[in-house]
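Visitor: I'd like to ask you about the structure that follows.
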Amino acid sequence: MRTSLRAAFVTAVAALGLAAASVAPVHAAVGYERCPKGRFCVFDGGSGDGAMVSYSTPQSSLGTWSKRAVSVYNRTGFEKVCMYSKAGYVIGSDGVFAEVVGVGSEVNLAYFGEGNTTLRHNLGSVRWAQTERQCDGHPEPIEWNDPYYALGNTWPAQAFGDLNRDGTPDLLNRTYSGRLWLLRGDGTGTLIGTGWNAMTAITRHGDLTGDGTEDLLAWDTAGRLWTYPGTGRGGFGARLLVGSGWNTMIAIQATGDLTGDGKGDLVARDKAGHLWMYPGTGKGRFGTRHYVGGGWNTMGALAAPGDASGDHRNDLISSDTAGRLWLYPGNGKGGFTSRKLIGSGGWRPFITLISTGDHNHDGHPDLIAAANGKGSDSPLPESSVRLYLSRSGGSLNGGLDAGALDTGDALF
């Protein structure tokens, strides 16, 4: 019995010929080469031999080819083709299993199996997908289950990270389609917008406009920075242009108040490795930037945990290229004091760090770390999203597995 998909990606290996003085003679396509571009091909012989049938659309039933299938080739252009042992894309019942073959993969179906059964002569249906979640029949957004989410809680709204003001931190998930989803922590997602794949970077940390609700900053591919005022109900209002020319930066991070004036600020790292602080005006925009320091091109992901060190000043967290994690305590004047090592290694796979508030309500801001979003190709295949609970002084407890990203996923 199989209740979820097991990805089994097989990368096609092809010899690439370099340009030469002579032209190789044209030869008739053989084996897998016969499969037309844009199609999923099924062969009744191993390694693409024998008779072939090709499909340009998903097939809820392969008919007589179900019992003939021996090898397949994915040339659909889709990231994944989901293969099911039963017709109708059925999974999760006795004797039913499903496998995933990656884009450009050519495989013998005998490699895919459950117990004593393989997909060889047992291929019931196939469909294309961008994520394994779709293969498994799940909704488009990731299934985010906060271990500390409590329905019907009476906690007050958190100062940051709580987009719908229900007292628990929220996440935002941009999927492969560019849709943006609110994840409350209960395993469900609410669509709040489309077209977000036009954004190079998205960041948030508390109120930027002075109304007490968390807002969003997004930097588009044209180099413009926008403020999206939060509604306090999990969505955003009409955006406000902050400025242009932000394509000279490679990373931005909303930080909350770094200067002590009660207004949310922003830090940005430029291509030369300089870190800049932009003081917030309290009206969704920023004043003249201040230079923080150089050498930040050795650093990776940034996160703004608020006051992690316990001195009532907002701090910054960053990983470095060696895989270490550092806490930069804020000095209350727009800069930072000497950094503190809070993770000695293993942080390099986490290309995204997010602090969305206090998940377990112990008074310390926590950290979410997301790996590369390649599903089973992740350096952390057991879970590419982890929740790290913070301790006094900014140190972290061990990570809790909290989900997995797939192709095109990003968290904010």
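Residue numbers (mature numbering (1 follows the signal peptide of the UniProt record, and there is no 0)): -28 to -1, 1 to 384. Using N, Cα and C, we set each Cβ at its ideal position, and we do this for glycine too. None of these values were measured; they are calculated from a predicted model.
Check whether the segment 224 to 239 touches the segment 152 to 165, taking contact to mean three or more Cβ pairs, one atom from each stretch, closer than 8 Å.
Guide: Verdict: no, contact absent.
Visitor: Considering only DSSP beta bridges, list what Leu247 is partnered with.
Guide: Against the sequence shown, residue 247 aligns to sequence position 275. Partner(s): Arg241, Gly265.
Visitor: For the candidate residues Ala82, Gly204, Gln102, whose alpha-carbon lies nearest to that of Gly133?
Guide: To locate residue 133, count along the sequence shown from 1; it is residue 161. Answer by Cα proximity: Gly204.
Visitor: Taking the alpha-carbon positions, what's the Arg156 to Phe208 distance?
Guide: Taking the first residue of the sequence shown as position 1, residue 156 is located at position 184. Taking the first residue of the sequence shown as position 1, residue 208 is located at position 236. Cα to Cα, Arg156 sits roughly 15 Å from Phe208.
Visitor: Answer yes if the segment 252 to 262 comes into contact with the segment 314 to 330, meaning at least three C-beta pairs across the two stretches below 8 Å, and no otherwise.
Guide: The segment 314 to 330, when compared against the segment 252 to 262, does not touch it at the 8 Å Cβ threshold.
Visitor: Ends of the beta strand (DSSP E) at Glu78?
Guide: On the sequence shown, residue 78 is found 106 positions in, with the first residue counted as 1. Unbroken beta strand (DSSP E) run through Glu78: 78 to 80.
Visitor: When we look at the beta-carbon of Gly329 and count the other beta-carbons within 10 Å, is it buried (16 or more) or exposed?
Guide: As a first step, residue 329 must be located in the sequence shown, where it is residue number 357. With 16 or more other Cβ atoms within 10 Å, it is buried.
Visitor: Going by DSSP in three states, Arg40 sits in which element: helix, strand or coil?
Guide: For the purposes of this step, residue 40 is taken as the residue at position 68 of the sequence shown. In the structure shown, Arg40 sits in coil (DSSP, three-state: anything other than H, G, I, E or B).
Visitor: In angstroms, rounded to a whole number, what distance separates the CA positions of Asp338 and Asn286?
Guide: By one-based count along the sequence shown, residue 338 stands at place 366. By one-based count along the sequence shown, residue 286 stands at place 314. So the two alpha carbons sit approximately 13 Å from each other.
Visitor: Which same chain residues end up closer than 6 Å to Ser216 when comparing Cβ atoms and leaving out the 5 residues on each side of it in sequence?
Guide: Taking the sequence shown and counting its residues from 1, the one referred to as residue 216 is at position 244. Only Gly195, Arg196 meet the Cβ criterion.
Visitor: How far does the alpha helix (DSSP H) with Arg105 in it reach, from first residue to last?
Guide: In the sequence shown, residue 105 corresponds to position 133, counting from 1. From DSSP, the alpha helix (DSSP H) with Arg105 extends over 104 to 107.
Visitor: For the beta strand (DSSP E) containing Val25, list its first residue and its last residue.
Guide: Residue 25 sits at position 53 when you count from the first residue of the sequence shown. Residues 24 to 27.
Visitor: Rounding to the nearest angstrom, what Cα-Cα distance links Ser310 and Thr140 in this structure?
Guide: Taking the first residue of the sequence shown as position 1, residue 310 is located at position 338. Taking the first residue of the sequence shown as position 1, residue 140 is located at position 168. Whole-angstrom Cα-Cα distance: 31 Å.
Visitor: Are there three or more Cβ pairs, one per stretch, closer than 8 Å when the segment 36 to 54 is compared with the segment 75 to 82?
Guide: A contact exists between the segment 36 to 54 and the segment 75 to 82.
Visitor: Run through the segment 314 to 379 for me and flag every whole beta strand (DSSP E) of 3 or more residues, listed as ranges in chain order.
Guide: List check, beta strand (DSSP E) in window: 324 to 326, 339 to 342, 357 to 362, 368 to 375.
Visitor: Which residues in the same chain as Gly60 place their Cβ atom closer than 8 Å to its Cβ, once the five residues preceding and following it in sequence are excluded?
Guide: One-based indexing of the sequence shown puts residue 60 at position 88. Correct list, in chain order: Ser32, Ser33, Gly96, Ser97.
Visitor: Taking all protein chains shown into account, do 16 or more other C-beta atoms lie within 10 angstroms of the C-beta of His177, making it buried, or fewer, making it exposed?
Guide: Start at 1 with the first residue of the sequence shown, and residue 177 comes out as number 205. So His177 counts as buried.
Visitor: Would you mind listing the beta strand (DSSP E) stretches within the segment 154 to 216 that are 3+ residues and don't spill past its ends, in chain order?
Guide: Counting whole runs of 3 or more residues, the segment 154 to 216 contains the beta strand (DSSP E) stretches 161 to 165, 171 to 175, 188 to 192, 197 to 200, 212 to 215.
Visitor: According to DSSP, is Thr89 helix, strand or coil?
Guide: Here the question's residue 89 lines up with position 117 in the sequence shown. Note: Thr89 maps to strand in three-state DSSP.
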